[in-house]
Amino acid sequence: MRLQEFWARLDDQFGAMRAQSVARDHVFADLGGRTAADAIEAGVPVRKVWLAVCEAYDVPAKER
């Protein structure tokens, strides 16, 4: 998954305003206690970050 696709999916799932909050404010245990933005910056694969967001917010399997 490319970074651009991650942001597009996040926007589609949560809306542009909430997507930014999800990425920058929510701390995910699956990402080692980091936000999605911090995890991506630290080099965690974008697909792994997306799946952590999906798990935390119960995104339907077909949209993962």
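Residue 41 in UniProt numbering is what sits at position 41 of the sequence shown, and the numbering runs on without skipping anything. For each residue, glycine too, the CB sits at the ideal point set by N, CA and C. Predicted, not measured: the structure shown is a model, and the values here were computed from it.
- ARG34 has PHE28 as its beta-bridge partners, per DSSP.
- Counting C-beta atoms within 10 angstroms of its own C-beta, LEU3 has fewer than 16 neighbours from the protein chains shown and is therefore classed as exposed.
- Apart from sequence neighbours up to five positions away, the residues of its chain that approach MET1 with a beta-carbon distance below 7 Å are VAL46, ARG47 and TRP50, ordered along the chain.
- Shown here, ASP12 sits in a helix according to DSSP, grouped into three states.
- Cβ atoms of ALA61 and LEU31 stay farther apart than 8 Å, at about 20 Å.
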